[in-house]
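Numbering (the numbering used here), first residue to last: 25 to 177.
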């Protein structure tokens with residue numbers, strides 16, 4: 025109803041302003057309707073262009089986000105690889121240190137296990153390992169036995 029009234033007003037104003045006779049009212053109406061259609065088409069085109077621009081912007085944003093995510097993933101993977109390499113290096117260093125320490129301990133133990141022959145007079149020995157009592161030690165010392173023993177360092 026509003027459109028009709030509006031259209032009627034436009035027709036009347038057109039006739040009044042330009043002095044067009046009322047018989048041409050149909051022609052004027054068709055012109056106004058064509059103009060109205062053109063306006064609607066222009067608005068639709070503008071809306072479509074805006075939608076396309078928005079879609080393009082959204083696609084660009086999505087692509088940027090995907091690129092950023094990929095870069096972040098690559099960085100994280102690189103960091104993980106570097107961290108794993110560092111851990112492996114630390115483990116290797118620890119193993120080397122342990123091996124060196126074991127070798128040193130083995131050498132020291134070998135040095136300790138190498139026996140030396142000690143020749144001592146029985147009088148110099150405070151305790152003997154004869155399994156006997158004090159009398160045996162005294163007797164051995166009195167008799168002047170020479171003990172040849174193997175002692176570790």
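Even glycine gets a Cβ: it sits at the ideal position worked out from N, Cα and C.
Rounded to the nearest whole angstrom, the CA to CA distance from residue 60 to residue 70 is 15 Å.
Between residue 105 and residue 98, the alpha-carbon positions lie close to 10 Å from each other.
Take the alpha-carbon of residue 77 and the one of residue 110: they are about 49 Å apart.
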